[in-house]
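Below: the structure, in structure tokens.
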Amino acid sequence: VVSLTWNCGVCASCRVGATNYCEVTQKAGGLGFDGGMAEFMVAPVESLVPLKNLEPWMAAPLTEPL
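Going by my numbering, the residue at position 31 of the sequence shown is 1356; the numbering climbs one at a time, nothing skipped.
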């Protein structure tokens, strides 16, 4: 699963875990960039969340609320 918001991981906000207040990047997958609704997209590795043992069809309904 790709996290909706992307962040730098190094600014003061990111270092304390407030990544939604990233001071450097406020990019989001598919918001302002092509790719969010595409069959394939490029995303930073840091924005990937492993599904572990969940099947994609089981995880998909959970991604938007989270």
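Positions of the beta carbon are idealized from the N, C-alpha and C atoms, including for glycine. All values reported here derive from a predicted model rather than from experimental measurement.
Asked	Found
Between the CA atoms of Ser-1328 and Tyr-1346 - distance to the nearest angstrom	15 Å
Thr-1344 in three-state terms, based on DSSP	helix
Sequence-distant residues of the same chain with beta carbon closer than 8 Å to Thr-1344, five excluded per side	Thr-1330, Asn-1332, Gly-1334 and Ser-1338
Counterpart residues of Leu-1373 in DSSP-defined beta bridges	Val-1327
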